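2 protein chains.
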Amino acid sequence: MTPFRLAQAQINCTVGDLIGNTEKICQWIQRARALNADLVSFPELTITGYPPEDLVLKPQFVADNIDALQVVAAEAKGIVVVVGFVDYANGLYNAAAVLAHGKVQGVYHKHHLPNYGVFDEKRYFLTGREQHVLVVNGVSVGLNICEDMWAPRGPIRIQASGGATVIVNISASPYQIGKIDERERMLRTRAKRNLAIVAFNNLVGGQDELVFDGRSMIVDHEGHLLARGKAFEEDLVVADINIQDVLESRKHKQSRSDRPSTRMQSVTRIVCSDKPYAGTRVKVSPSVGETLTTCEEVYRALCLGIRDYVSKNGFSSVAIGLSGGIDSALTAALAVDALSPRQVLGVFMPSRHTSQASRVDVESLVRNLGIHLRTISIEEAYTAFLNMLSDAFQETKTDATEENIQARIRGAVLMALSNKFGWLVLSTGNKSEMSVGYATLYGDMAGGLSVLKDVPKTMVYRLARFRNAMTSSAVIPEHTLQRAPTAELRADQTDQDILPPYDILDPILEAYVEGNQAVAKIAALGFDASTVEQVGRMVDGCEYKRRQAPVGIKITSRALGKDRRMPVTNRYTGTS
Amino acid sequence: MTPFRLAQAQINCTVGDLIGNTEKICQWIQRARALNADLVSFPELTITGYPPEDLVLKPQFVADNIDALQVVAAEAKGIVVVVGFVDYANGLYNAAAVLAHGKVQGVYHKHHLPNYGVFDEKRYFLTGREQHVLVVNGVSVGLNICEDMWAPRGPIRIQASGGATVIVNISASPYQIGKIDERERMLRTRAKRNLAIVAFNNLVGGQDELVFDGRSMIVDHEGHLLARGKAFEEDLVVADINIQDVLESRKHKQSRSDRPSTRMQSVTRIVCSDKPYAGTRVKVSPSVGETLTTCEEVYRALCLGIRDYVSKNGFSSVAIGLSGGIDSALTAALAVDALSPRQVLGVFMPSRHTSQASRVDVESLVRNLGIHLRTISIEEAYTAFLNMLSDAFQETKTDATEENIQARIRGAVLMALSNKFGWLVLSTGNKSEMSVGYATLYGDMAGGLSVLKDVPKTMVYRLARFRNAMTSSAVIPEHTLQRAPTAELRADQTDQDILPPYDILDPILEAYVEGNQAVAKIAALGFDASTVEQVGRMVDGCEYKRRQAPVGIKITSRALGKDRRMPVTNRYTGTS
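Here the protein sequences line up with chains A and B, keeping their order.
My numbering puts the first residue of the first sequence at 1, with every later residue one more than the last.
My numbering puts the first residue of the second sequence at 1001, with every later residue one more than the last.
Next comes the structure, spelled out in structure tokens:
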């Protein structure tokens, strides 16, 4: 028996770009057909991009996406295609269309709709109920969508019991640290338990706060990884599958999955083609790809997040306020790696509180990265503000107000450059600062994309060292890595005047923000109770700032965005 | 038979304030008991406040809310109490507890969880399945929560078939224009169809972008309104119900509701007390309250939204940038009516482009409202910015950049006053501007609460005239109402240099933003196609600004906040 050639198109779609996505899908169908693949699959909601959010509430958008599906269907000749789209059938469904012979042969509706974390699928979609098994060149293929595979009692059981030897799962699974291992474990379990080949076709690319990391996988019925797509890049993952082995294993071993015979009736069979490919095919040697360290993974996720936010929103350059500190240095390095040195502009905006060391560090960084630098002192505007406010502020003491004024002047300068030249401003605050509110709203928080918003300060250091080790000579000055963190908004200031040391703050924040743990429980882990309480109060007290922050790239299990929806008005302290 | 005395406590809770809410609930139980009510109900999620959002993902918060319920239960003596809380039973439920004899007698779990518009209840809660009928002094009372009543095939059918003559529905139904009529129609329909007294106990108060308008209602089995609570205020709504009439009507008329006998088994009966009240009670004369005009309603909703945002977030005063235009004038009038003149500070920040007429109008407004005014010219800072940027901007033309700089200086001045004196900044942009992006991010968009964010410009005018008619002499100067709208950021500027006239723009925006209608469909309503296309492009192009806007008070069917979740990165134009 000729092996079954399965292709997964791990492509980078753009939300709302129905025409662009359709063209790309057609090109990748051609690529898969050129390899004589039996079937090529695409990621979840391929045609609309993922997540389309409230776009799907526009009836015209849904109609246009169905028109686009017809364009793709016309291309599906000599190969079976599985593509994601929004179906309308007395309500909306997150759907996968099966295309063959130039036509839509059947449509599967997602059963399990995630409605937690960053997901809102129950806002849009109805729950699918039907089961589908395609018959492609004699091979039975079960079909489901993303979360369907994560649910232990999901459609795979019925599909495998209904005869499917290959399960195609089209996904849009966002990146977060550690997710790849979770996915692989889950796929191995499903494959072994159901004695089926499991093919997870992931999306790749950045969309607002999400980055999809690709790394599509094909796992055989014994739980071995047959192929894995590239990380953070488009890829065509192709594998030849010996279906005979799967059938043999089923004869010898009783599958552990339930096989209620009544349920088998509910499976709809879609016969797409009836003759296995007879010619000779170019050999393919599937790769299981590289295994990345956490730093490598996060670094590449951030680069892809920047690159796609910039390009998909039609920008060609970015501006970054460089302070001589580590956050802005890392952001600049990421931007250069995501784009190119000539697309990145550094802006140094010294004040009376800026040290000579900061200036030296900025100059080294800019030289190392090969980017252009513009220096604009904020002194004149700062003096002007102090004069303008002198009446109002008489008999008051200098406090954080004056610090915020400096930060806001810098924000306004960056925005003026953005407005005049069309550069996107990248803001540079890290997750630790954004969590406790150690940032100025409309000041250093200003920008279109907040690159490090989900990166804790301790990880900022790790990433900076990782980046420095990538090239023969370090790009981020060693002094920047060594100096005490400071906002330089008044004399002799350091972050630790107000905040606990970052190696204490970060694990507290992880427990409090990501883990939803109570103050008393965190203190019981070995932290000073009053410190934990203070951190909790700081986090709760600045929800209004976070609400007005730019989107940032999610890399942890709970980012400060769609992932965490706290009320601004909130009297709960957790210490009552 | 003694009439059944039903009390509805229409109270203003605060999200997260478990202690404060619990104290208030206990006080209102005492008030209802003093009137010898048989039963007193409270709004949905009374103990936590509504909506608690991701607070309920904190296990300690849920545990604390269950502790608070025990405190309330201890107060429930000599009266049956229905109160909303978050239940934990192998998962979270939006729940109503039945309290009597100082103990929790039973718990109902909400069946229908709204997950559209501003609602995310499927993110948090599992679906309830059980039915409950309480027996209170010989009267059978069905119990359900908010959306349960809106679903035509909701729990009321089973509860009424199971013998309930009174249905208590505890709600947190947010205000929007026209909602009161929808509610009343729905309640009448449910009451008549099920031959039951229907009691809708609504929440009152502001919570971030939502305002709950109260106006709880009791409708009899023939669809007549027996009582209605106050609008936008706390109220104890009490009515004496003749249950005999309901029972009679059921004898004579076949109820139109389905009564499948098998379903009756699934109703849990909770016997709370067994003896009707025997003494003499003070007479109550329930009122059906006033009917408000749209302007009255919206005006009061905005006042309550301001008042509660300010007080629940611990502020005592607000600062408003006054330009001489209608938006800031209306915002100031609302703030004065929501708070008091001495809690409102006007800040006038003239530039070279500010007309003498604007100054005169600001001075009249401030005099009419009796608020304090501070004038801070922005010229010095503006000159400073132009000097600082002169190198960068050489050989460029003056454009919107320079206008935005002025707006951002004003934003920074207001924020400096806020930082120094603890005043909350109210931003003043209207929905028309916020929809098309005719506003400066970090400039006039800066602030903690965006009062008019959901009020279209044409309605701003209506509200201003309404406010002027409220008092013997107008507070908003007639010249402000008459002049052409202008941002005064360059010479001889008017809004209509860029935007279509507001009486054309607003209906287009209503169709596009609230109605999700396609450009071609809107044009077919009689608008110039290129104008509609231009408006659509403007709306789509400034999602990044709206994402960073302060929360605003919802008054329409679709506000620019949780109600409308559009991707920032989005290539759909709707005109392809």
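All C-beta atoms, glycine included, are put in the ideal place defined by N, C-alpha and C.
It should be emphasised that the depicted structure is a prediction, and the values quoted were computed from it without experimental measurement.
- Among the residues facing chain B, Phe-61/A is included, as its CB has a counterpart in that chain under 9 Å away.
- Taking the C-beta atoms as reference points, Gly-1229/B is found nearer than 9 Å to Gln-1008/B.
- By the Cβ neighbour-count rule, Arg-1129/B is exposed, with fewer than 16 other Cβ atoms within 10 Å of its own.
- Judged by pairs of C-beta atoms under 8 Å, the region 15-27 of chain A touches the region 45-52 of chain A, as three or more such pairs exist.
- In the DSSP assignment, the residues bridged to Phe-1212/B are Pro-1174/B and Gly-1205/B.
- By the CB criterion at 9 Å, Tyr-1108/B and Ala-1096/B fall inside the cutoff.
- Counting every other CB atom within 10 Å of its CB across the protein chains shown gives Gln-496/A a total below 16, marking it as exposed.
- For Ala-196/A against His-221/A, the beta-carbon gap comes to about 6 Å, under 8 Å, which counts as contact.
- Cβ proximity to chain A below 9 Å picks out Thr-1048, Gly-1049, Pro-1051 and Pro-1052 from the region 1034-1052 of chain B.
- Contiguous beta strand (DSSP E) elements confined to the region 320-377 of chain A occur at 344-348 and 372-375, taking only those with 3 or more residues.
- Non-local beta-carbon contacts of Gln-548/A in its own chain, meaning distances under 7 Å to residues more than five positions away in sequence, involve Leu-441 in chain order.
- The region 1500-1508 of chain B and the region 1517-1535 of chain B touch, with no fewer than 3 CB-CB distances between them shorter than 8 Å.
- Taking 9 Å as the CB threshold, Ser-173/A stays off the interface with chain B.
- Taking a cut-off of 8 Å for Cβ pairs, the region 311-321 of chain A and the region 420-436 of chain A touch, as three or more such pairs fall below it.
- A Cβ-Cβ distance of about 6 Å is found for the pair Ser-1358/B and Glu-1488/B, placing them in contact under the 8 Å criterion.
- If only complete runs of 4 or more residues are kept, the region 28-97 of chain A shows the alpha helix (DSSP H) at 59-75, in order along the chain.
- Closest in alpha carbon position to Glu-363/A, among Asp-391/A, Ser-390/A, Ser-328/A and Gln-343/A, is Ser-328/A.
- In this structure, Arg-1465/B places its C-beta atom within 9 Å of the C-beta atom of Leu-1481/B.
- Proximity of the region 1153-1166 of chain B to the region 1179-1188 of chain B falls short of the contact definition, fewer than three beta-carbon pairs being nearer than 8 Å.
- Taking C-beta atoms under 8 Å as the contact rule, Val-1104/B and Val-1082/B fail to qualify, at a distance of about 11 Å.
- Glu-433/A and Ile-504/A have their C-alpha atoms some 13 Å from each other.
- Between Leu-1039/B and Val-1135/B, the gap from beta carbon to beta carbon reaches 9 Å or more.
- The continuous stretches of beta strand (DSSP E) do not include Cys-1295/B, which lies in the alpha helix (DSSP H) extending over residues 1294-1312.
- No Cβ of chain B is located within less than 9 Å of the beta carbon of Met-434/A.
- DSSP links Ser-427/A through a beta bridge to Ser-450/A.
- Using a CB distance below 9 Å, the part of the region 404-424 of chain A facing chain B consists of Asn-404, Ile-405, Arg-408, Ile-409, Gly-411, Ala-412, Val-413, Met-415, Ala-416, Leu-417, Ser-418, Asn-419, Lys-420 and Phe-421, ordered along the chain.
- Nearest C-alpha to Val-1246/B among Arg-1300/B, Ile-1167/B and Arg-1215/B: Ile-1167/B.
- Ranked by Cα distance from Gly-1515/B, the first of Val-1366/B, Val-1133/B, Ala-1559/B and Asn-1570/B is Ala-1559/B.
- Asn-468/A is not bridged by DSSP to any residue.
- Beta-bridge partners of Lys-1103/B (DSSP): Ala-1100/B.
- In summary, the residues of the region 1360-1383 of chain B whose CB is separated from some CB of chain A by less than 9 Å are Arg-1374, Ile-1376, Ser-1377, Ile-1378, Glu-1379, Glu-1380, Ala-1381, Tyr-1382 and Thr-1383, in the order they occur in the chain.
- By the beta-carbon neighbour count (other beta carbons within 10 angstroms, threshold 16), His-479/A is exposed.
- Within 10 angstroms of the beta-carbon of Glu-248/A lie fewer than 16 other beta-carbons, which makes it exposed.
- The Cβ of Lys-554/A sits no closer than 9 Å to any Cβ of chain B.
- Within chain A, Gln-548 have C-beta atoms less than 7 Å from the C-beta of Pro-1550/B, given in sequence order.
- Residue range 1400-1421 is occupied by the alpha helix (DSSP H) that includes Gly-1411/B.
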